[in-house]
Amino acid sequence: MAAVDSFQFLYREISRSCNSYFETLALVGALYTASRAVILLSDCCTLVRVHFLPRLIPSKKLTQRYGDWAVVYGASEPVAKAYAEELARHAISIIFVTRDPSSVRDMSAYLSQNYGVETLVVSADFSLDQVACKPIKEALRGKDIGFLVNCVDESLASPQSLIEVPEQHLLDLVNRNIAVTTLMTRLVLPGMVDRSRGAVVNISSGACCRPLLGRVTLTASTGYLDHLSRALHLEYNSKGIFIQSLIPFQIASSEQQPSSSSPSRREGWFVPKPEVYARHAISTLGVSNRTTGYWPHTLQYGLMRCIPEWIWVLGSRVLISSN
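Quick note on our numbering: the sequence shown kicks off at 16 and runs consecutively.
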């Protein structure tokens, strides 16, 4: 190599030899920036298409698109009650399936009185295995069932490690939130397939997207419900049945919600009332098979996807230790 007389000369030589590498790196950076811009634009278009256009553009009545009756399982949860009321507002009659009829009897009377729809409360003790299916099948017979709404049990949100959960309580949680929701879908789907129309809405939680400390049963159960919905949509979408997975985040209530990791918070823009959430969520029917159901929650979900999981876990550890 020729003698180097000055630093400037050495710098020019090195820059000349590395020029091709700089150009390659610049091209890679430009392509990455362009890809992120395209993804951001796509996400914005999806946000508008799912959450705003359906509320602005009139569509067919829900009874015409799906059917006259809805079956609601888990209606003791505030979100499910609000969703049932929103369906009743659209002149859809409701069948409540519950182990404790007293928990929904007042709601049933309220919907009949205020919206003029038929309501029916079916008592089903699924601890009796297939015996519980008989009254449900009797209630479904001869009815144009257009909707099935399954809602995850909010008691899953109680912060407990797996070994702290009593064995019988764990079996009950798994039975109510996994086995029964799957069985309810199995009971309702045949009639929908025969009519080539219908909608199954599974309301789980945004907790299914990332693991949460002290929420093993919540994360696992909602993850199952989310994947069940997505798999069913692939299988039955071609048969005219719309399967939707709703994954809400924090929802205002006097009690702790499944999507929360702390005691209930005040109502706000990102923490809607159950009625507000239900109104937004029902507008996404037939539009998106997997959604938060509420556009501020979709913004939260988008931010969550950008955070690496190790940072998410570290942040959750700090949050829990500070409480």
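Yeah, the Cβ is synthetic: ideal placement off N, Cα and C, and Gly gets one too.
Check: For A139, which three-state DSSP category applies?
Finding: Three-state result, A139: coil.
Point to revise | Cβ pair V86, L198 closer than 9 Å | key: In this structure, V86 keeps its C-beta atom at 9 Å or more from the C-beta atom of L198.
Using a threshold of 9 Å, state whether the C-beta atoms of G131 and T196 are closer than that.
When the beta-carbon positions are compared, G131 and T196 stay at least 9 Å from each other.
Review point. Any contact of the region 100-113 with the region 285-303, i.e. 3+ C-beta pairs under 8 Å?
Key: Cβ pair count under 8 Å is three or more, so yes.
Go through its chain and collect everything with a Cβ distance to W284's Cβ below 8 Å, but skip five positions before and after it. P311
Q: Would you kindly report the start and end of the unbroken alpha helix (DSSP H) that includes C321?
A: 310-321
V19 versus D58 - alpha carbon distance
Note that V19 has pLDDT 49, beneath the 50 cutoff, so the model's placement of it is unreliable and the number below is only indicative. Distance between the alpha carbons of V19 and D58 is about 54 Å.
Beta carbon of S211, beta carbon of G238: below 9 Å?
-> no
Buried or exposed, going by whether 16 or more other CB atoms sit within 10 Å of the CB of A41?
exposed
*Is V94 near the ligand ATP, in the sense that its beta carbon is under 8 Å from a heavy atom of that ligand?*
This structure does not include the ligand ATP; it has no bound ligands of any sort.
*From the DSSP output, in three-state form, read off L71 for me.*
helix
Enumerate in chain order the residues of its own chain whose CB-to-CB distance from S244 is below 6 Å, with the five nearest sequence positions on each side excluded.
-> N217, I258, S260
Practice item. Could you please give the first and the last residue of the uninterrupted alpha helix (DSSP H) stretch that includes C148? Key: 148-155
Rounded separation between I326 and G229 - CA only:
17 Å
Checklist line | Distance between S253 and L240 (C-alpha atoms, nearest Å) | finding: 21 Å
Taking the alpha helix (DSSP H) that Y98 belongs to, which residues open and close that run? 93-104
Margin query: Taking a contact to mean a Cβ-Cβ separation below 9 Å, would you say V94 touches A246 in this structure?
Written below: no
### Collapsed DSSP secondary structure at E270 in the structure displayed
In this prediction, E270 scores a pLDDT of 46, lower than 50, which makes its location untrustworthy; the coordinate-derived value is nonetheless stated afterwards. Three-state DSSP puts E270 in coil, outside helix and strand.
Q) Quick one: what does DSSP say T307 is sitting in, helix, strand or coil? A) coil
What residues in its chain sit with their C-beta under 7 Å from that of A154, if we drop five residues either side in the sequence?
I110, L135, V137
Report the residue from R104, E92, L55 whose alpha carbon sits nearest the alpha carbon of S298. R104
Quick check: the Cα distance between G308 and F264, rounded to an integer number of angstroms? 10 Å
Please name the residue in L186, I262, A45 whose C-alpha comes closest to that of T306. Here the closest residue by C-alpha is I262.
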